[in-house]
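Take the sequence shown: its position 44, counting from 1, is numbered 44 in the UniProt record's numbering, and each next residue is one higher. In this text, a Cβ means the ideal position worked out from N, Cα and C, and glycines have one as well. Treat the numbers as computed from the prediction; the structure is a model and nothing was measured.
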Amino acid sequence: MPSSFAVGTAAQTSIAAAALAACELGHARGTPRQAVAVDMQHAALECTGWFSLDGRVPDLWDAFSGLYRCADGHVRVHANFRHHREGALHLLGLDPERAQRSDAEQALQTWKALDFEQAAAERGLVVTALRGFADWDATPQGQAVAAQPLFTIQRIGDAPPRALPPLTDDQRPLTGLRVLDLTRILAGPVCGRALAAYGADVMLVNSPKLPNIEAIAETSRGKLSAHIDLRTDGGRGTLNQLVGDAHVFVQGYRPGGLAALGFGPEALARRRPGIVAVSLSAYGTQGPWAGRRGFDSLLQTAMGFNQAEGDAAGDGQPRAIPIQILDEATGYLMAFAAAATLWRQQREGGSWHVQLSLAQTALWLRGLGRVPGGLSIAKPDIGPRIASEPSGFGVLQGVGHSAGLARTPAGWSRPSMPPGSHAPVWP
Numbered sequence: 001m002p003s004s005f006a007v008g009t010a011a012q013t014s015i016a017a018a019a020l021a022a023c024e025l026g027h028a029r030g031t032p033r034q035a036v037a038v039d040m041q042h043a044a045l046e047c048t049g050w051f052s053l054d055g056r057v058p059d060l061w062d063a064f065s066g067l068y069r070c071a072d073g074h075v076r077v078h079a080n081f082r083h084h085r086e087g088a089l090h091l092l093g094l095d096p097e098r099a100q101r102s103d104a105e106q107a108l109q110t111w112k113a114l115d116f117e118q119a120a121a122e123r124g125l126v127v128t129a130l131r132g133f134a135d136w137d138a139t140p141q142g143q144a145v146a147a148q149p150l151f152t153i154q155r156i157g158d159a160p161p162r163a164l165p166p167l168t169d170d171q172r173p174l175t176g177l178r179v180l181d182l183t184r185i186l187a188g189p190v191c192g193r194a195l196a197a198y199g200a201d202v203m204l205v206n207s208p209k210l211p212n213i214e215a216i217a218e219t220s221r222g223k224l225s226a227h228i229d230l231r232t233d234g235g236r237g238t239l240n241q242l243v244g245d246a247h248v249f250v251q252g253y254r255p256g257g258l259a260a261l262g263f264g265p266e267a268l269a270r271r272r273p274g275i276v277a278v279s280l281s282a283y284g285t286q287g288p289w290a291g292r293r294g295f296d297s298l299l300q301t302a303m304g305f306n307q308a309e310g311d312a313a314g315d316g317q318p319r320a321i322p323i324q325i326l327d328e329a330t331g332y333l334m335a336f337a338a339a340a341t342l343w344r345q346q347r348e349g350g351s352w353h354v355q356l357s358l359a360q361t362a363l364w365l366r367g368l369g370r371v372p373g374g375l376s377i378a379k380p381d382i383g384p385r386i387a388s389e390p391s392g393f394g395v396l397q398g399v400g401h402s403a404g405l406a407r408t409p410a411g412w413s414r415p416s417m418p419p420g421s422h423a424p425v426w427p
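Below, the structure written as structure tokens:
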């Protein structure tokens, strides 16, 4: 991929880690070990998230999303959800029904970048100011993230080791495991999709009242998809029933959001001793931004990657990394950590909480070093990696999974379906 950062290495490494952990868990369930191979170009193409529906490639970015010049720098605005777009435009004094991007560009000329970032955060919006690496490192949040490891695995309760059902040699390594996927964009859905590719029964749980973006078609391959309204007693009761038979609970809501509804890690461990709870956040669990909303593109801007990529290009213009590698790599690291912790639970017992963040993955990517001349690398041909399959959204074309398992090939046994297509019951 054309980037000065080692995005190919990050893609290949994170996918290989997820596949190897799944296969090792399969071996613990009685099957022979098997070789895993991941082609770097295939992995990078998988991490583009490219897909089409009935021959149409959706435009996933709102017209107001992107980088804007301010009075003293730049900010990136994420406006893919209507409430975020309208909130940002209201903050700029604009009418969301009439405003054009040029109006937002003009309005932001009167703001200082850090002032707009702070004002947006106070309103629950998703905006970050452009920083260089040194600027980010000097912030309290930069220091808090730097003090954290790539991810943490914490024992949060006592439970006996769970005996997982044995496998036959032709079954995928996670066959028979049940995963609740309460995630939205994008890392969490990638985690669930990966676990499904290795055989797990993954149930995506969506609120019937929340909007979705079209990328849900690509990330829902292999999953069941159910609607549950957790604001109701009945909805919470339904999810509690599902938790009672689950092995893994993956959530990507803002820190504390699900805990307030009774589904924090400790509550899950009481309901289902031996469970592995996996939590995703944007900026980690420490520091003044610990509860702040964030997306891949925003972290690239805040943490110095856009500035560094632009510096490498030599034109002085901030530049985004060409793929959402923070999201994608974090998703596969979540799948790795989930499978590895299940392996550990089989031996030690206990209930477990795994925590990851986009910011911690970003520091890992930065630590992989730079690629001299990387921006001149040609983007590999995606055509040979595309597979076509039916789905509830139409004919879905997408990149197949890049991890090659020697004995039990990875793949999705269920078609991607719209939210709410399945009843909230385990098969």
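For residue i, which of helix, strand or coil comes out of DSSP?
i, result
"residue 64", "coil"
"residue 151", "coil"
"residue 133", "helix"
"residue 5", "strand"
"residue 15", "helix"
"residue 86", "helix"
"residue 74", "strand"
"residue 366", "helix"
"residue 57", "coil"
"residue 302", "helix"
"residue 295", "coil"
"residue 361", "helix"
"residue 168", "coil"
"residue 376", "helix"
"residue 413", "coil"
Can you give me the C-alpha to C-alpha distance between residue i and residue j, rounded to a whole angstrom?
i, j, result
"residue 390", "residue 147", "45 Å"
"residue 126", "residue 11", "26 Å"
"residue 107", "residue 316", "23 Å"
"residue 401", "residue 46", "7 Å"
"residue 94", "residue 58", "27 Å"
"residue 369", "residue 404", "27 Å"
"residue 168", "residue 412", "18 Å"
"residue 393", "residue 418", "7 Å"
"residue 209", "residue 235", "13 Å"
"residue 2", "residue 427", "43 Å"
"residue 160", "residue 347", "9 Å"
"residue 431", "residue 399", "This structure cannot speak to residue 431, because the chain is shown only from 1 to 427."
"residue 25", "residue 109", "54 Å"
"residue 510", "residue 105", "Residue 510 lies beyond the range of the chain shown here (1 to 427); nothing can be said about it."
"residue 143", "residue 302", "13 Å"
"residue 228", "residue 258", "13 Å"
"residue 123", "residue 279", "24 Å"
Pull up the CB-CB distance for residue i and residue j, whole angstroms please, since I reckon it's below 8 Å.
i, j, result
"residue 268", "residue 243", "6 Å"
"residue 187", "residue 330", "4 Å"
"residue 425", "residue 338", "Actually they do not touch by this definition, with Cβ atoms about 22 Å apart."
"residue 406", "residue 41", "Their Cβ separation, rounded to whole angstroms, is 20 Å, which puts residue 406 and residue 41 out of contact at 8 Å."
"residue 145", "residue 182", "Their Cβ separation, rounded to whole angstroms, is 24 Å, which puts residue 145 and residue 182 out of contact at 8 Å."
"residue 323", "residue 300", "So it is not a contact: roughly 11 Å between Cβ atoms."
"residue 85", "residue 62", "6 Å"
"residue 360", "residue 150", "5 Å"
"residue 313", "residue 396", "The Cβ separation is near 34 Å, so there is no contact."
"residue 22", "residue 174", "5 Å"
"residue 76", "residue 128", "6 Å"
"residue 49", "residue 218", "6 Å"
Do residue j and residue i come within 9 Å of each other at the CB atom, strictly closer than that value?
i, j, result
"residue 170", "residue 408", "yes"
"residue 213", "residue 350", "no"
"residue 231", "residue 261", "yes"
"residue 318", "residue 130", "yes"
"residue 196", "residue 223", "yes"
"residue 7", "residue 325", "yes"
"residue 165", "residue 29", "yes"
"residue 141", "residue 289", "yes"
"residue 357", "residue 225", "no"
"residue 190", "residue 97", "no"
"residue 306", "residue 67", "yes"
"residue 78", "residue 281", "no"
"residue 51", "residue 91", "no"
"residue 5", "residue 354", "no"
"residue 198", "residue 44", "no"
"residue 88", "residue 335", "no"
"residue 184", "residue 253", "yes"
"residue 343", "residue 154", "no"
Identify every residue that forms a DSSP beta bridge with residue i.
i, result
"residue 351", "157"
"residue 201", "178"
"residue 206", "227"
"residue 38", "403"
"residue 222", "Per DSSP, none; premise fails for residue 222."
"residue 389", "396"
"residue 277", "249 and 353"
"residue 459", "A query on residue 459 cannot be resolved here, the shown segment of the chain reaching from 1 to 427 and no further."
Nearer than 8 Å: is that true of the beta carbon of residue i relative to any heavy atom of the ligand SAH?
i, result
"residue 105", "Because no ligand of any kind appears in the structure shown, any question about the ligand SAH cannot be addressed here."
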